[in-house]
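For the protein sequence lines, the chains are A and B, in the order given. 43 is the number of the first residue of the first sequence in my numbering; add one for each residue after it. 321 is the number of the first residue of the second sequence in my numbering; add one for each residue after it. A short worksheet on the structure shown next.
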Amino acid sequence: MQLVQRRPLPPRRVRLRPGGVLPILAILVVLLVLVGIRQPSFLDPPSLMSFLGRSAPIILLAAGQYFVIVSGEFDLSVGSLVTAQVVVAARLIDSDPARTWPVVLLLLAFGALVGLVNGLITTRLRVPSFITTLGMFLILVGAVYLWSDGAPKGGLSEEFRRFGRRAVEDVPLLGRVPYALLVLLAVAVLAVVLMRSDFGRTLVAVGDNPRTAQLSGVRVWRTRTVAFILSGLAAAVAAILLGGYSGVSFQAGAGLEFGAITAVVLGGVALGGGRGSVVGAMLGALTLELLFALMNFYGVSGALRSTVQGAIILLAVAVSATRSSSR
Amino acid sequence: MAALAAVTLLSLTACATDEPGAGPSGGSSSSAAGSGTGEQSKFFVQADYDAELALLGATPTGPADKPWEQMLNPTMVDTAKFKKAGPHKICFSNAALNNPWRQVGFKTMQAEVEAQKSRIKEFVHVDAEGKDQKQIADINDLLGKGCDALIVSPNTTATLTPAVEAACQAGLPVVVFDRGVNTKCPVTFINPIGGYGFGHAGAEFVSQKMKPGGKVLALRILPGVDVLETRWSAAKVAFDKAKVDVVGVEFTDGDPAKTKKIVDDYIQRYGTIDGVWMDAGAVAVAAVEAFQDAGKPVPPINGEDQLDFLKVWKDKNLTAIAPTYPTYQWRTPIIAALRILDGQQVSSPWKLPQPTITQDNLDRYLDPAMPPLHYAMCGCTDLPGYPQRWK
């Protein structure tokens with residue numbers, strides 16, 4: 043597809059590599075300027091830090107979703123996985139600080155397991171990932187409901203909540219740096235390193251053209267399954283941060299899967315796979331959150347958020363469809 | 321498709337970016353519209369509002385230490401025709417168990433049944449899981465099970481009315497509680513004062529405790545639900561009267577993360593918020609945390625009687641109040657059913673008092689040993705299995 047893309051593009055003054063991060067960076071800068079005009083205090087380090095901290099979970103989910111989407115699949119189960127993780131964490135920790143770390147490890151394992159199941163069902167049983175992960179979504183919703191009798195029990199310890207709620211205080215220039223932001227930066231570095239490794243190239247190649255990848259000796263099913271596991275792990279980390287941020291609730295992960303997918307396509311990643319960067323996806327999530335913040339500053343009803351998300355998805359898919367049909 | 325999507329997005333972004341033109345002169349759009357509370361809810365009924373506010377000041381009859389047996393302005397009805405020798409089989413068609421309020425309430429009801437076990441030989445409970453169709457079928461099934469009395473907590477008012485009417489026609493005494501039905505056929509309908517009383521108590525407190533003309537943020541769970549609409553519409557009346565500036569009315573979906581973001585956004589946008597009103601307490605703690613995490617003092621706020629809110633209120637010494645929709649109302653239907661089967665008179669409707677937790681009586685309701693989602697106004701401390709059953 044990349045060969046095809048290069049040929050028909052008309053000459054441009056600025057060279058835009060398809061799937062590059064320049065367009066999303068440009069949108070981000072425009073939004074930052076608009077925010078700066080309307081609400082200059084938002085750009086002060088303390089409020090900017092708090093914004094980045096509370097946006098960390100959705101950015102992490104976008105990174106996780108990126109791995110799956112760039113390999114040519116979807117993961118609709120992440121929102122309900124986050125809810126399940128938060129509810130499970132509250133019940134297992136039951137406000138006992140000593141259980142914090144074991145439960146954190148358990149959540150990561152649980153996230154990876156859900157990803158593994160998603161991946162194996164999609165690749166080995168050849169169920170379209172849209173259906174697999176929708177099924178997983180429903181299974182998790184039902185299971186959580188059954189297990190908790192319809193209302194979350196127990197409570198999260200302050201130690202657990204620290205990751206999503208607390209910050210490193212008194213940092214020169216920046217003030218408070220939320221732990222969530224540090225976690226996000228660490229994951230971002232890992233994700234970039236991963237995408238630059240052989241695995242990353244293989245992942246994109248699989249999404250670009252699974253047949254070619256297969257013929258050149260890639261085990262497509264294994265690569266895609268790993269992508270699902272990475273998405274599950276990202277959901278686990280996001281759940282830990284989100285549970286920390288807001289405490290236990292049945293709504294913890296509601297709608298996050300769509301937020302993550304919107305962010306990924308906004309970040310220039312092609313639905314269907316093979317194009318786009320993980321940094322773009324994460325910037326897409328940040329841009330989306332900033333757009334929502336901006337809408338709030340201009341007094342636009344929060345109810346329009348899902349409409350905006352839907353419009354972005356439709357627009358992005360439409361644009362990529364026009365591009366691919368013009369070849 | 322592409323064009324449609326593009327147009328949609330453009331018009332949306334136009335919405336988002338059009339306002340700066342009006343911005344410098346008009347400020348935010350919400351401050352232009354009077355006190356910012358918007359139009360009155362379609363659910364608002366002046367007569368009901370007046371009646372509920374009058375009940376807030378009424379003195380209940382019945383034992384003062386058992387509010388679940390008390391009645392406000394009782395109208396007694398004769399039940400001699402339902403008199404029957406015990407022990408009885410009591411059946412309960414429950415709308416749902418899908419939130420902590422209903423969980424606590426149902427445990428309280430089960431404990432009441434246990435406390436009355438000498439008089440109840442069997443208690444049948446059917447959970448409609450929040451589905452009207454299931455509850456209609458449930459009620460129909462229960463009619464063939466030889467129940468001596470039927471208790472119904474309807475899922476929705478209009479849809480369940482015919483099913484309740486059918487039950488009345490079957491000849492057994494029917495007791496409805498919590499949400500009502502559009503028929504007078506049940507022997508009695510039990511509920512506390514209601515949403516207007518709840519909304520009014522919180523709004524009056526917040527507007528009295530904050531600085532005059534200050535900025536209020538109103539947080540609502542969902543639009544269009546009658547019990548919640550009445551709470552908000554009474555608050556709107558109170559805020560309009562107090563002439564405070566309601567800078568935002570936002571829907572939280574009961575999601576703490578969303579609540580925290582909304583509150584954080586408003587703190588960023590206005591610098592300070594002087595009062596927070598909520599139509600339900602589920603996300604009160606999230607709102608409090610948003611102020612704490614932003615390093616701001618928590619303004620006067622109302623929550624509900626959930627333990628997590630009462631704890632943070634006490635620990636952080638908040639200026640707060642907790643109107644309640646008491647879970648002790650789940651005890652009353654059992655008591656009413658037994659009285660009816662004894663042929664004793666009961667009040668119809670049976671209006672229960674709706675206490676408010678204030679700074680003065682906070683310690684009475686705050687039991688730190690109870691779980692965060694427990695409702696303090698359960699009236700359950702004297703029931704069998706307390707506290708373990710509610711943990």
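Note that beta-carbon positions come from the ideal geometry of N, C-alpha and C, so glycine has one too.
The closest CA to that of residue 642(B), considering only 440(B), 695(B), 445(B), is found on 695(B).
In the pairwise beta carbon analysis, the segment 648 to 663 of chain B is classified as not touching the segment 585 to 600 of chain B: fewer than three pairs are separated by under 8 Å. In this structure the segment 577 to 589 of chain B touches the segment 71 to 88 of chain A; the number of beta carbon pairs closer than 8 Å is three or more.
Within the same chain, 406, 407, 408, 409 come within 8 Å of residue 441(B) by CB-CB distance, once the 5 residues on both sides are set aside. Among the CB atoms of chain A, none fall inside 8 Å of the CB of residue 611(B). Sorting 332(A), 169(A), 105(A), 258(A) by C-alpha distance to the C-alpha of residue 70(A) places 332(A) at the top. The residues 414, 417, 445, 650, in chain order, have a CB closer than 8 Å to that of residue 426(B) in the same chain once the five nearest residues on each side in sequence are set aside. Apart from sequence neighbours up to five positions away, the residues of its chain that approach residue 88(A) with a beta-carbon distance below 7 Å are 217, 218, ordered along the chain.
What residue 577(B) touches in chain A, judged by beta-carbon distance under 7 Å, is 284, 287, 288, 294, going in chain order. For residue 311(A), the CB contacts under 8 Å within the same chain, skipping 5 residues up- and downstream, are 61, 108, 111, 112, 317, 318, 319, 322, 323, 326 in chain order. Around the beta carbon of residue 396(B), fewer than 16 other beta carbons sit within 10 angstroms, so the residue counts as exposed. What residue 692(B) touches in chain A, judged by beta-carbon distance under 7 Å, is 197, going in chain order.
Apart from the 5 residues on each side of it in sequence, residue 330(A) sits with its Cβ closer than 8 Å to the Cβ of 100, 301, 304, 305, 308, 351, 354 in its chain, given in chain order.
Comparing C-alpha distances from residue 272(A) to each of 287(A), 257(A), 237(A) shows the shortest one belongs to 237(A). Residue 207(A) has a beta carbon lying within less than 8 Å of a beta carbon in chain B. Nearest CB-CB separation between residue 202(A) and chain B: not below the 8 Å threshold. With respect to chain B, the C-beta atom of residue 252(A) has no partner C-beta closer than 8 Å. Counting the other CB atoms within 10 Å of its CB gives residue 478(B) a total below 16, which places it among the exposed residues. With respect to chain A, the C-beta atom of residue 499(B) has no partner C-beta closer than 8 Å.
Between the segment 150 to 165 of chain A and the segment 261 to 272 of chain A, the count of C-beta pairs closer than 8 Å reaches three or more; the two stretches touch. Residue 291(A) is not bridged by DSSP to any residue. Sequence-ordered contacts of the segment 208 to 239 of chain A with chain B are nonexistent [C-beta pairs closer than 7 Å]. Taking C-beta atoms as the reference points, residue 704(B) and residue 471(B) fail to come closer than 8 Å. Residues of the segment 422 to 435 of chain B with a C-beta atom less than 7 Å from some C-beta of chain A are 423, listed in chain order. Non-local C-beta neighbours of residue 566(B) in its own chain, meaning closer than 7 Å and more than five positions away in sequence, comprise 355, 356, 357, 536, 538, 559, ordered along the chain. With respect to chain B, the C-beta atom of residue 84(A) has a partner C-beta closer than 8 Å. At a cut-off of 8 Å between C-beta atoms, residue 300(A) does not count as an interface residue with respect to chain B.
Sequence-distant partners of residue 213(A) (beyond 5 residues in either direction) whose C-beta falls short of 6 Å from its own C-beta, in its chain, are 219. The Cβ atoms of residue 64(A) and residue 135(A) do not sit closer than 8 Å to each other. When C-beta atoms of the segment 239 to 247 of chain A are compared with those of the segment 118 to 133 of chain A, fewer than three pairs fall below 8 Å, so the two segments do not count as touching. Straight-line spacing of the CA atoms in residue 275(A) and residue 578(B) works out to 23 Å. Chain order gives the chain A residues near residue 574(B) as 293, where near means a beta carbon separation below 7 Å. Along the segment 154 to 176 of chain A, none of the residues has a CB nearer than 8 Å to a CB of chain B. Within the same chain, and ignoring the five residues on either side of residue 608(B) in sequence, the residues whose Cβ sits closer than 6 Å to its Cβ are 618, 632. Looking at 252(A), 286(A), 268(A), the one whose alpha-carbon comes closest to that of residue 314(A) is 252(A). Beta bridge pairing from DSSP links residue 570(B) with 539(B).
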